[in-house]
Amino acid sequence: MEQGSAREGARPAYAPGVFPHAPAERRIPERRVPEQARGEQSRTAQSRTEQPRTEHARGEHTHSEPPAPRVVRRHSVRGQILDALRAALVDGELVPGQVYSAPALGARFGVSATPVREAMQRLAVEGAVEVVPNRGFRVSERGPRELAELAEVRALIEVPVMLSLARTVPAHRWSVLRPLAEATVTAAAVGDRAAYAESDRAFHRAVLALSGNEQLVSVADELHRRSQWPLVSSPATRRADLLADASEHTALLDALIAQDLNVVQSLVREHFTGADG
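Using our numbering, the first residue of the sequence shown is number 64, and each one after it goes up by one.
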């Protein structure tokens, strides 16, 4: 039936103030409301309209807010295992060329094989390991040429950005990064290679973040991470080498504050040639 059509036997609508079946002369006269009172009534009606409804009529369809998503514990474990595996790669605990099974690594970390397998699949996407069917994951073997190529690409990206930032970023903003540079020195002083790798990337991310280009920061960080993986048959990094690399961070900050473009360029290029830069 078309909406708005009259139903058979329905009562007709009546004008406001008119009683049904009452003579015309018995219309209720319209009350005149003073202007001030009329405004108060209007505001009262508007206030009632704006008040939120706390009850719903029966049968009325309501739209409630969706419940907060649960924290999936398995994903948290996978993230922790991923961090642990990355640290093991940097420390050389996972030897290039060796094959590791997910169950064996799970027993090592005290977890099931599932989060280990998921984390290793992520490392395979990044190129840190290779999938070996029915066996596990082989740590990728890298040579000096790959490291040199990574250093070249990083220099092509970061050197122009840092030179541009040196011309435009005020000194006080560089000073805020001093604790990050000092954190690399602290990690290097105790020979903690994994902690140094994390603090090193944190410093470079903070510097590049001043450009405001999130994509650049993401790409540069991924290249940086890959440059930290150990080479085939490479000797353990000495503490003196880590300290030398860490000192370049503080020297770079000094050059950026002084807007010494020549020193900035040379420091960044030399920094990338090192295995831990």
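Where is the CB? At the ideal position from N, CA and C, for every residue including glycine.
Have a look at residue 134 and residue 142 and give me their C-alpha separation to the nearest angstrom. Here residue 134 refers to the residue found at position 71 of the sequence shown. Here residue 142 refers to the residue found at position 79 of the sequence shown. Bear in mind that the predicted position of residue 134 carries a pLDDT of just 37, short of 50, making it unreliable; the figure below should be weighed with that in mind. Residue 134 and residue 142: Cα-Cα distance of roughly 13 angstroms.
Which listed residue (146, 222, 163) has its alpha carbon closest to that of residue 283: On the sequence shown, residue 283 is found 220 positions in, with the first residue counted as 1. The shortest C-alpha separation from residue 283 is found at 222.
So which of 242, 289, 239 has the shortest CA-CA distance to residue 260? Numbered from its first residue, the sequence shown carries residue 260 at position 197. Nearest C-alpha to residue 260: 289.
For residue 244 and residue 342, the rounded distance between their alpha carbons: Not covered by the structure: residue 342. The range shown for the chain is 64 to 340.
For residue 81, which of helix, strand or coil comes out of DSSP? Looking up residue 81 in the sequence shown gives position 18. For residue 81, the pLDDT reaches just 38, beneath the cut-off of 50, and the residue's location in the model is therefore unreliable, although a value from the coordinates is still provided. Three-state result, residue 81: coil.
Reduced DSSP secondary structure (H/G/I, E/B, other) of residue 199: What you label residue 199 is simply residue 136 of the sequence shown in a count that begins at 1. In this structure, residue 199 counts as strand in the three-state DSSP scheme.
Which of helix, strand or coil does DSSP assign to residue 334? Counted from its first residue, the sequence shown places residue 334 at position 271. Three-state DSSP puts residue 334 in a helix.
Confirm, please, whether the CB-CB distance from residue 254 to residue 302 is below 8 angstroms. Position 239 of the sequence shown, counting from 1, holds the residue named residue 302. Position 191 of the sequence shown, counting from 1, holds the residue named residue 254. Result yes, Cβ atoms of residue 302 and residue 254 sit closer than 8 angstroms.
Over what stretch of residues does the alpha helix (DSSP H) that includes residue 238 continue unbroken? Position 175 of the sequence shown, counted from the first residue, corresponds to residue 238. Segment 234-238, the alpha helix (DSSP H) holding residue 238.
Give the range of the alpha helix (DSSP H) segment to which residue 269 is assigned. Against the sequence shown, residue 269 aligns to sequence position 206. Segment 256-272, the alpha helix (DSSP H) holding residue 269.
Any idea if residue 199 is buried or exposed, counting beta-carbon neighbours within 10 angstroms, 16 or more meaning buried? Position 136 of the sequence shown, counted from the first residue, corresponds to residue 199. Looking at its Cβ environment, which holds 16 or more other Cβ atoms inside 10 Å, residue 199 is buried.
If you draw a straight line from the alpha carbon of residue 330 to that of residue 175, how long is it in whole angstroms? For the purposes of this step, residue 330 is taken as the residue at position 267 of the sequence shown. For the purposes of this step, residue 175 is taken as the residue at position 112 of the sequence shown. If you take the alpha carbons of residue 330 and residue 175, they lie about 45 angstroms apart.
From 317, 248, 240, 180, pick the residue whose C-alpha is nearest to that of residue 272; which is it? Start at 1 with the first residue of the sequence shown, and residue 272 comes out as number 209. It is 240.
What does residue 162 pair with, by DSSP beta-bridge criteria? Position 99 of the sequence shown, counted from the first residue, corresponds to residue 162. 201, per the DSSP bridge assignment.
Based on the DSSP secondary-structure assignment, which residues constitute the bridge partners of residue 193? In the sequence shown, residue 193 corresponds to position 130, counting from 1. Its beta-bridge partners are 201.
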